[in-house]
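Under our numbering, the sequence shown has 132 at position 133, and the numbering climbs by one with no breaks. Note that beta-carbon positions come from the ideal geometry of N, C-alpha and C, so glycine has one too. See below for the structure under consideration.
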Amino acid sequence: MLNETEKKLLSFINRDELVRLTQDLVRIDSVIRPEKGNTEAGVVRFIADWIRRELGVEPLIEEVVPGRENIIVTIDSGKPGPCLMFEGHTDVVSEGNRRLWTHDPFGGEIADGKIYGRGACDMKAGLAVNLLTVKTMMVSGVDFQGKMRLGLVCDEEDLMLGIQDYIRRGHADDVDACLISEPEENQLCLSMKGALRAVVRVTGKMAHGAMPLAGINPTIRMARIVLAFEAFEKAEMARHGEDEFLGWPSVTFTVVQSPPAGEPAQLNVMPAESLAYVDIRTVPSQNHEEIKSQLQEILKGLAADDPDFKAEIEFIADKPLVSMDKEEPIVVHAAGAYRDITGREPVYNGVPGATDGTFLRDLKGIPSLVNGPGPRHVPHQTDEYVAIDELEEALQLYLLTTYRYLNQPADPSH
0 MLNETEKKLL
10 SFINRDELVR
20 LTQDLVRIDS
30 VIRPEKGNTE
40 AGVVRFIADW
50 IRRELGVEPL
60 IEEVVPGREN
70 IIVTIDSGKP
80 GPCLMFEGHT
90 DVVSEGNRRL
100 WTHDPFGGEI
110 ADGKIYGRGA
120 CDMKAGLAVN
130 LLTVKTMMVS
140 GVDFQGKMRL
150 GLVCDEEDLM
160 LGIQDYIRRG
170 HADDVDACLI
180 SEPEENQLCL
190 SMKGALRAVV
200 RVTGKMAHGA
210 MPLAGINPTI
220 RMARIVLAFE
230 AFEKAEMARH
240 GEDEFLGWPS
250 VTFTVVQSPP
260 AGEPAQLNVM
270 PAESLAYVDI
280 RTVPSQNHEE
290 IKSQLQEILK
300 GLAADDPDFK
310 AEIEFIADKP
320 LVSMDKEEPI
330 VVHAAGAYRD
340 ITGREPVYNG
350 VPGATDGTFL
360 RDLKGIPSLV
370 NGPGPRHVPH
380 QTDEYVAIDE
390 LEEALQLYLL
400 TTYRYLNQPA
410 DPSH
């Protein structure tokens, strides 16, 4: 049940402000476009100005790589207590072919109670929730212990350089728990899939398309690898089954290029090389080193049957699977907030991919709860959206969770 202070806190929510802020963020193109020099810079400038104006503090802006920055803000109550972090990323994936969109991908348009646009749920809506949680806690005047910290980082959609830099600089050292507002329909996600990312390169010999026997076709051999990895995926699914929260393991070829990007492609020329990117997602019973070894063995087996087969696989990212218990204080408080706000039991789940929380949990042991607004199946698709009612519910949940978590008995170590 909500007490009078909690009711007062929630009464400071301004739905129109939440909608406008989300729209403003969606309208800033933060797709990483190296050919145009576009990065998260526009969103960083906007958020930094918003923080100065609305929170009355100067944000710490740190460059991770040229043109790409993290934003860090700490609001310290001056009283002993835990440090609760609110994490989000400022980059979004490409909108792809704009002709396939019903709504302008950077218009922040509202229709049928939803805000549409690239990043509407992944995760400009989550950024708005993070920012307004901190603002509402401050302007409401409610008493709290410990610290609130905003960690809004770059490059989540690629190599997660932003959160790694954030950790390396020590900003996570005193964090006791983290709320990550990725789109999960406000479900409480306790675990995140592991991820391996790999590059497969096949070397052949260029030849005229009319005389293919004069060369070695790398594309055919890449096709054999694709099929062999698909068979491996099916075997892993049969071996490990479907995880309660994370679903099935997967091995997905996301890019296949013959010839590789940057090399001229001609209809009558058989290329000398083929390149592919593979996105591998894992569940708790799998072992990353074992998977790497098994995929290497697949390539060796294909080479044994074909003297012209020359292929190699390079693993360019290894993100471990992470999880936590329902008994973690941040989860307990979030679950209680969910019951009191919605009148329903919380839904526990897992994140089908990795998040920045993967590094916070793996490297620093920080309980990182992923529970933001937006449909789980919509990120990276056309006509991405977030429902306004769910967005407002997320802000209510974050506020109540924050108030209760920060006002729990102080840890004497802080």
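With respect to L405, G240 sits apart: the two C-beta atoms are not nearer than 7 Å. In this structure, R67 sits near T38, with a CB-CB distance shorter than 7 Å. DSSP, reduced to helix, strand and coil, places N129 within a helical segment of the structure shown. Close CB contacts of A194 within its chain, under the 6 Å cut and outside five residues either way in sequence, are with R280, K318 and A353 (chain order). In the structure shown, V18 falls within a helical segment according to DSSP collapsed to helix, strand and coil.
In the three-state reduction of the DSSP assignment, E272 falls in the strand class, which pools E and B. With fewer than 16 neighbouring CB atoms inside 10 Å of its own CB, I315 falls in the exposed class. In the three-state reduction of the DSSP assignment, R360 falls in the helix class. Taking the Cα of S367 as reference, the smallest distance to any Cα among V377, P345 and E181 is reached at E181. Taking the Cα positions, D111 is about 47 Å away from Q265. With a cut-off of 8 Å on Cβ pairs, the segment 196 to 205 is not in contact with the segment 100 to 117, counting fewer than three such pairs. Partner residues in the beta bridge of K318, as assigned by DSSP, are A194. Between M205 and G214 a beta carbon distance of about 6 Å is seen, short of the 8 Å cut, so the two are scored as contacting. Of all alpha-carbon atoms in P79, I12 and S249, the one lying nearest the alpha-carbon of V282 is that of S249.
Counting only unbroken stretches of 3 or more residues, the beta strand (DSSP E) elements lying wholly within the segment 318 to 403 are 347 to 350, 367 to 371 and 384 to 386, in sequence order. When secondary structure is reduced to three states using DSSP, S292 falls in the helix class.
In summary, S10 is exposed, with fewer than 16 beta-carbon neighbours lying within 10 Å of its beta-carbon over all protein chains present. For T251, the pairing in a beta bridge is given by DSSP as D278. Spatial neighbours of R343 in its own chain (CB-CB distance under 6 Å, excluding positions within 5 residues in sequence) are not present. For L149, the enclosing beta strand (DSSP E) has its first and last residue at K146 to V152.
In the three-state reduction of the DSSP assignment, I60 falls in the strand class, which pools E and B. According to the DSSP secondary-structure assignment, T73 is paired through a beta bridge with R148. In the structure shown, G300 falls within a helical segment according to DSSP collapsed to helix, strand and coil.
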